[in-house]
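A.B. asks: Just add 152 to wherever you are in the sequence shown, counting from 1, and you've got my numbering.
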Amino acid sequence: MKLLVFGSLNIDDVYLVDHLVKEGETIDSRSYTRCEGGKGLNQAIALAKAGAEVYFAGAVGEDGAFLPAFLSSFGVRTEYIKTVDEPTGRAIIQVDDAGRNSIILYGGANRRISPETVDDVLCGFGEGDCILLQNEISSLDYLICAAHEKGMTIFLNPSPITEGLKRGPLGFVDWFILNEVEGYGLTGHTDEDGIIMELLRNYPSCRVLLTLGEKGSVYADAARRARRSAFPVDASDTTAAGDTFTGYFVNAILNSEEVDRALLIAAQAAAIAVSRFGAGRSIPYADEVERALTA
Ligand code: ADP
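1. Identify the residues that DSSP records as bridge partners of V212: which are they?
2. Going by CA-CA distance only, name the one from G189, W327 and F277 that's closest to L257.
3. Are A168 and R182 close, meaning C-beta to C-beta below 7 Å?
4. Can you give me the start and stop residues for the beta strand (DSSP E) that F307 sits inside?
5. Quick one: give me the first and last residue of the beta strand (DSSP E) that F328 is part of.
6. Below 8 Å, can you find three or more Cβ-Cβ pairs linking the region 284-302 to the region 315-325?
7. Using C-beta distances below 6 Å, list every residue in its chain close to G432, excluding the 5 sequence neighbours before and after it, in chain order.
8. Give me, in chain order, the residues of the same chain whose beta-carbon lies closer than 6 Å to that of I244; leave out the 5 immediate sequence neighbours on both sides.
9. Kindly identify the DSSP beta-bridge partner or partners of S388.
10. Leaving out five residues on either side along the sequence, give the residues of the same chain with a beta carbon under 8 Å from the beta carbon of L352.
11. Check E263 in the structure and name its three-state DSSP category.
12. Going by the CB atoms, is the gap between V212 and V228 shorter than 7 Å?
13. Is R264 buried or exposed, if buried means 16 or more other CB atoms sit within 10 Å of its CB?
14. By Cβ distance, which residues of its chain are closer than 8 Å to N253, with the 5 residues on each side in sequence left out?
15. In whole angstroms, give me the CA-to-CA distance for V157 and D412.
16. Based on DSSP bridge pairs, tell me the residues matched to G189.
17. How big is the Cα-Cα spacing for A382 and S369?
18. According to DSSP, which residues form a beta bridge with S456?
19. Mind pulling the beta strand (DSSP E) runs of 3 or more residues that sit fully within the region 363-435?
20. Following a CB-centred definition, is N194 positioned closer than 6 Å to any heavy atom of ligand 1?
21. For the beta strand (DSSP E) containing I283, name the first residue and the last one.
22. Let me check understanding here. Comparing Cα to Cα, which of G216, K302 and S224 lies closest to D237?
23. Do Y184 and A209 have their C-beta atoms within less than 7 Å of each other?
24. Quick one: what's got a C-beta closer than 7 Å to R380's C-beta in the same chain, skipping five residues either side?
25. Looking at T185 and ligand 1, is the gap between the Cβ and the nearest heavy atom below 6 Å?
26. Of the choices A425, N262 and E177, whose alpha-carbon is the least far from that of A444?
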C-alpha cells in the first residue's frame, strides 16, 4: 500500500506587528520570519514524523526549491513535485500582540495542477493505495474522480471550504477529516450532531473525523461513534493542531489501529504540537508521542 499527499506547498512570510495594518496605512514590523507552509506540506510532515512512508505531489516555482528539500529532510518522497513557471504559493501573515492575524494568500504554483499533472502522478498509484487531499490546489474535482477510478482510498480535509468544493464529487470521499468551521461550511450546521448527521445523510458510506479544538474529537460512521477528549496543555500556538491530528490519525488507521487508539495517538500528538510555536517544526516525532502516552 502506498500513501500519497497531493497538496499545497507555500512560502509563509510572517510579520510580527503592533497592530494589523489599516487601510492606507504603512507600518513597520518587529520581526520577519520565512516559514515552510501549506496544508499539504504540514500534513505530509505529520505523517512522516508519525512513521509513514509518504509520497508528495504538488508544484512550486523556482523560488520554492527549498520546500521539496525541507520535505525530504523528514523522509518524504518528493519525486512527484513539479517546478513550474509561476511563483510558489505564498501566505503573507501579520500577527499582532494579541495573537490576532490577517492573511493574504496567493495560490501561485499550487493553482497550476492540471488534469495532465494528475494523470502523470497517479500513473504510479493503484488499487488499495491511499491519497490525502485538501482544497488548496487546482483540479481537485478531477483528482478525486481519478483517484476513485483507480480504487484508491480517499481522505479529504475539506479546507478551505469553497462553493466549487461543495459542488465537487464528494460522494467518492471515503474519509472526511474536518474541524467545526469546515463542518459548518459543508453542512450549514454548527453543532457536532448536525454536522455528522448531515454528512452521513449525504454520503452514507463515508467515515467522519470531526475535530473540536480543546473539546477534543469525534469519529462517526453509519454504525457507530467514538469520542476523545483533548489532552490539557498550555497552548502556545494552535497553528498545526489540525494538520498534526490528521497526519497521526491517518497513519494510525493505515497501520490497522482501532479507531479509539488512533484518536488517542492523534490527540496526544496534536497536544504536543500546540504546546510549541511554529507549524511543521512543532509537530512531534512518534517516539515522543509514545513516551507522552506511557508517562
Ligand atoms: P484545526 O487546527 O484544524 O482548527 P482543531 O482546533 O479542531 O483543528 O484541533 C485539532 C485537535 O488538536 C483537537 O481535536 C485536539 O485534540 C487538539 N487540540 C487543539 N487545540 C488544543 C488545545 N488548546 N489543547 C489541547 N489539544 C488541542
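The beta carbon of each residue, even a glycine, is placed where N, CA and C say it ideally should be.
C.D. replies: If we stick to the structure as given:
1. Locating residue 212 in the sequence shown gives position 60, where the first residue counts as 1. Per DSSP, T235.
2. Locating residue 257 in the sequence shown gives position 105, counting from the first residue. Of the listed residues, the one whose Cα sits closest to L257 is G189.
3. Working through the sequence shown from its first residue, we reach residue 168 at position 16. Working through the sequence shown from its first residue, we reach residue 182 at position 30. According to the sequence shown, residue 168 is Leu rather than Ala. Yes. Within cutoff.
4. Counting from one through the sequence shown, the residue named residue 307 turns up at place 155. Segment T305 to N309, the beta strand (DSSP E) holding F307.
5. For the purposes of this step, residue 328 is taken as the residue at position 176 of the sequence shown. Per DSSP, F328 belongs to the beta strand (DSSP E) from W327 to N331.
6. yes
7. Within the sequence shown, residue 432 is the residue found at index 280, counting from 1. If we look at G432 and ignore the five residues flanking it on each side, its Cβ neighbours are E188, N194 and I197.
8. As a working mapping, residue 244 is identified with position 92 in the sequence shown. D165 and I256.
9. To locate residue 388, count along the sequence shown from 1; it is residue 236. Answer is none; S388 lacks a bridge partner.
10. Against the sequence shown, residue 352 aligns to sequence position 200. Hits under 8 Å: C358, V360, A372, D373 and A374.
11. Taking the sequence shown and counting its residues from 1, the one referred to as residue 263 is at position 111. The question names Glu, but residue 263 is Arg in the sequence shown. It is helical.
12. By one-based count along the sequence shown, residue 228 stands at place 76. By one-based count along the sequence shown, residue 212 stands at place 60. Cβ distance not < 7 Å, so V228 and V212 don't count as in contact.
13. Taking the sequence shown and counting its residues from 1, the one referred to as residue 264 is at position 112. Buried.
14. Translated into the one-based positions of the sequence shown, residue 253 becomes position 101. Here the set comprises L172, I245, Q246 and V247.
15. As a working note, residue 157 is residue 5 in the sequence shown. As a working note, residue 412 is residue 260 in the sequence shown. Approximately 24 Å, taken between the alpha carbons.
16. For the purposes of this step, residue 189 is identified with residue 37 of the sequence shown, where counting begins at 1. N162.
17. Against the sequence shown, residue 382 aligns to sequence position 230. Against the sequence shown, residue 369 aligns to sequence position 217. The straight-line gap from Cα to Cα measures roughly 7 Å.
18. Past the edges of the chain, shown from 153 to 447, lies residue 456, and the structure says nothing about it.
19. 369-372 and 377-380
20. As a first step, residue 194 is located in the sequence shown; it is residue number 42 there, counting from the start. Not so, every heavy atom of ligand 1 lies at least 6 Å from the Cβ.
21. In the sequence shown, the residue the question calls residue 283 occupies position 131. C282 to Q286 is the extent of the beta strand (DSSP E) around I283.
22. One-based indexing of the sequence shown puts residue 237 at position 85. Residue G216 is the option with its Cα nearest to D237.
23. Taking the sequence shown and counting its residues from 1, the one referred to as residue 184 is at position 32. Taking the sequence shown and counting its residues from 1, the one referred to as residue 209 is at position 57. Result no, Cβ atoms of Y184 and A209 do not sit closer than 7 Å.
24. Position 228 of the sequence shown holds residue 380. If we look at R380 and ignore the five residues flanking it on each side, its Cβ neighbours are G368, S369, L415, L416 and A419.
25. One-based indexing of the sequence shown puts residue 185 at position 33. Incorrect: T185 has no Cβ contact closer than 6 Å to ligand 1.
26. Within the sequence shown, residue 444 is the residue found at index 292, counting from 1. Here the closest residue by C-alpha is A425.
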